[in-house]
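Peer 1: My structure is below; once you've seen it, I'll send some questions.
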Amino acid sequence: MQTALADFIRDTPAGREANAILRSCVHCGFCTATCPTYLLLGDEQDSPRGRIYLIKEMLEGNAATAKTRLHLDRCLTCRSCETTCPSGVQYGRLVDIGRQVVDEHVPRSLASRAQRWLIREGLLARPLFAAGLAIGRLLKPVLPAALGAKILDARPAGVWPAAKHRRKMLALDSCVQGALAPGIDAALARVLDRIGISLLRVPAAGCCGALPHHLSGEARALAMVRRNIDVWWPHVDRDVEAIVVTASGCGVMVKDYGHLLRDDRAYAEKAKRIAALTRDPVEVIGAEWPRIAPGIAMDLGAQKVAFQSPCSLQHGMKLKGRVEEILLALGHELTPVADAHLCCGSAGTYSMLQPKLSRELKAAKQKALEAGRPDVIATANIGCL
């Protein structure tokens, strides 16, 4: 694709990156076949190729409009198109640049800004979110069904083993998952303890930064990234071999720290190392599970499992099929899931900002997951769950 970027962005880091990404696109259209919003709406401008053209025109100096923003907002950033693309177009990074530019050139309405601020700050304020969740659980029987369905029942986290092993890894202390489903991190700590690894918590760390990064809060996101690096660094610089992130949506963000701070002289090298040390649980367990598999299989018994592979896992981190391999090796039966590459519709805060499209995607995903009549539906990301 030929480009002629406008003066306002041409020689900036974002402009140089966008220019390289745009030039790698060959207009083939393979991406349209795997784009959830294009399949739902049938509008070329709601496909990756269409959005690339919109971003190109905007960066070349053509006026952005509210319609430009609408089509970019409708994108789930699932990155299914990246998995499909034969040219390796880094669409996810391009759409992030496009959204920042359109927000600068076409300010949102006061109501829209207020909505995004409330979502962002409400989810980031852990004590407030935990208190709201507790109240929601009490009121769940009388809440509208659609709202009540989003509130997970409280479950005890279970024991977190004491640190006693020579091998150590850090856990991301996430903003939302810790309140919604604290048992996930604790379960991973028990699994790692069983294979001789201690999982350590560092409470001073917090949100990975993905929430503000995708909600018009880039400066806030980068401040959170730097804070996490500062908190983790004394451990990383001493004896920790990895940072394990149990929510794949957060994992794909932390793995991108090196890119996000590539132009920050004070943090670039540290961010690059943090990103290189970040692991999804399947990357850690994938190398260790054969030692404990016989005992686990005996404990659980065989079950029919429908695995919902999160977009962040299969498209963002390129770990498609890794979880499924382990489930099969443990003796479970995987039920077929049609269109497993398509998003479930959660996509971080997308379900709140684009509820109609999200509900349609969710309904299709539920139908596909339930088709094989599984005993269990499993996933690897709190948003999908």
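Heads up: the sequence shown runs through residues 665 to 1049, numbered per the working numbering. Glycine residues also receive a C-beta, built at the ideal position from the N, C-alpha and C atoms. Quantities reported herein were computed from a predicted structural model and do not represent experimental measurements.
Quick one: residues in its chain with C-beta nearer than 6 Å to the C-beta of G1072, no 5 flanking neighbours on either side, listed in chain order?
Peer 2: This structure gives no information on residue 1072, because the portion of the chain shown stretches from 665 to 1049.
Peer 1: For L723 versus L758, is the C-beta distance shorter than 7 Å?
Peer 2: In the sequence shown, counting from the first residue as 1, residue 723 sits at position 59. In the sequence shown, counting from the first residue as 1, residue 758 sits at position 94. Contact: no.
Peer 1: What does a CB cutoff of less than 7 Å around A966 pick up in its chain, not counting 5 residues either side in sequence?
Peer 2: Residue 966 sits at position 302 when you count from the first residue of the sequence shown. Taken in chain order, the residues that qualify are G995, H996 and E997.
Peer 1: Using C-beta distances below 7 Å, list every residue in its chain close to A1060, excluding the 5 sequence neighbours before and after it, in chain order.
Peer 2: Nothing can be reported for residue 1060, as the shown portion of the chain is limited to 665 through 1049.
Peer 1: Taking DSSP as the reference, what is the three-state secondary structure of R772?
Peer 2: The residue labelled residue 772 in the question sits at position 108 within the sequence shown. In the structure shown, R772 sits in coil (DSSP, three-state: anything other than H, G, I, E or B).
Peer 1: Taking C-beta to C-beta, are C742 and R790 nearer than 7 Å?
Peer 2: Position 78 of the sequence shown, counted from the first residue, corresponds to residue 742. Position 126 of the sequence shown, counted from the first residue, corresponds to residue 790. No.
Peer 1: Among A682, E746 and L705, which one has its Cα closest to the Cα of Y717?
Peer 2: Residue 717 sits at position 53 when you count from the first residue of the sequence shown. Closest option to Y717, Cα to Cα, is A682.
Peer 1: Would you say the region 934 to 951 touches the region 848 to 861, given that touching needs at least three Cβ pairs under 8 Å?
Peer 2: yes
Peer 1: Using 10 angstroms around the beta-carbon of C692, count the other beta-carbons present and answer buried if the total reaches 16, otherwise exposed.
Peer 2: As a first step, residue 692 must be located in the sequence shown, where it is residue number 28. Exposed, since its Cβ has fewer than 16 Cβ neighbours within 10 Å.
Peer 1: Within 10 angstroms of its Cβ, does R676 collect 16 or more other Cβ (buried), or is it exposed?
Peer 2: Residue 676 sits at position 12 when you count from the first residue of the sequence shown. The amino acid at residue 676 is misidentified as Arg; the sequence shows Thr. Label assigned to T676: exposed.
Peer 1: Just mark P1038 as buried or exposed, buried being the case when its beta carbon has 16 or more other beta carbons within 10 Å.
Peer 2: Within the sequence shown, residue 1038 is the residue found at index 374, counting from 1. With 16 or more other Cβ atoms within 10 Å, it is buried.
Peer 1: Do you know offhand how far E1034's Cα is from E721's?
Peer 2: Along the sequence shown, one-based indexing puts residue 1034 at 370. Along the sequence shown, one-based indexing puts residue 721 at 57. The straight-line gap from Cα to Cα measures roughly 43 Å.
Peer 1: Give me, in chain order, the residues of the same chain whose beta-carbon lies closer than 6 Å to that of G623; leave out the 5 immediate sequence neighbours on both sides.
Peer 2: Look at the range of the chain in this structure, 665 to 1049, and you will see that residue 623 is not part of it.
Peer 1: Rounded to the nearest angstrom, what separates L1006 and C699 at their Cα positions?
Peer 2: If you number the sequence shown from 1, residue 1006 lands on position 342. If you number the sequence shown from 1, residue 699 lands on position 35. L1006 and C699: Cα-Cα distance of roughly 8 Å.
Peer 1: How about the region 921 to 935 and the region 822 to 837: do they share at least three Cβ pairs that are nearer than 8 Å?
Peer 2: no
Peer 1: Take every Cβ of the region 765 to 778, pair it with every Cβ of the region 700 to 707, and state whether three or more of those distances are shorter than 8 Å.
Peer 2: no
Peer 1: Quick check on A993: buried or exposed, where buried means 16 or more other Cβ atoms within 10 Å of its Cβ?
Peer 2: In the sequence shown, counting from the first residue as 1, residue 993 sits at position 329. Classification for A993: exposed.
Peer 1: With DSSP run on the structure shown, which of helix, strand or coil describes A778?
Peer 2: Indexing the sequence shown from 1 puts residue 778 at position 114. In the structure shown, A778 sits in a helix (DSSP, three-state: H, G or I).
Peer 1: Please name the residue, chosen from G1036, A885 and G1047, that lies closest to G1012 on a Cα-to-Cα basis.
Peer 2: In the sequence shown, counting from the first residue as 1, residue 1012 sits at position 348. Looking at the Cα atoms, G1047 is the closest of the given residues.
Peer 1: When the Cα atoms are used, what is the spatial distance from A951 to G860?
Peer 2: By 1-based counting over the sequence shown, the position of residue 951 is 287. By 1-based counting over the sequence shown, the position of residue 860 is 196. The straight-line gap separating the alpha-carbon atoms of A951 and G860 is approximately 13 Å.
Peer 1: Can you give the Cα-Cα distance for L802 and K984, rounded to whole angstroms?
Peer 2: As a position in the sequence shown, residue 802 is number 138, starting the count at 1. As a position in the sequence shown, residue 984 is number 320, starting the count at 1. Going from the Cα of L802 to the Cα of K984 covers about 38 Å.
Peer 1: For K968, list the residues DSSP reports as bridge partners.
Peer 2: For the purposes of this step, residue 968 is taken as residue 304 along the sequence shown, with counting starting at 1. Answer is E997.
Peer 1: Among the residues of its own chain, which have a CB less than 7 Å from the CB of R687, if the five just before and after it don't count?
Peer 2: What you label residue 687 is simply residue 23 of the sequence shown in a count that begins at 1. Around R687: M665 and T667.
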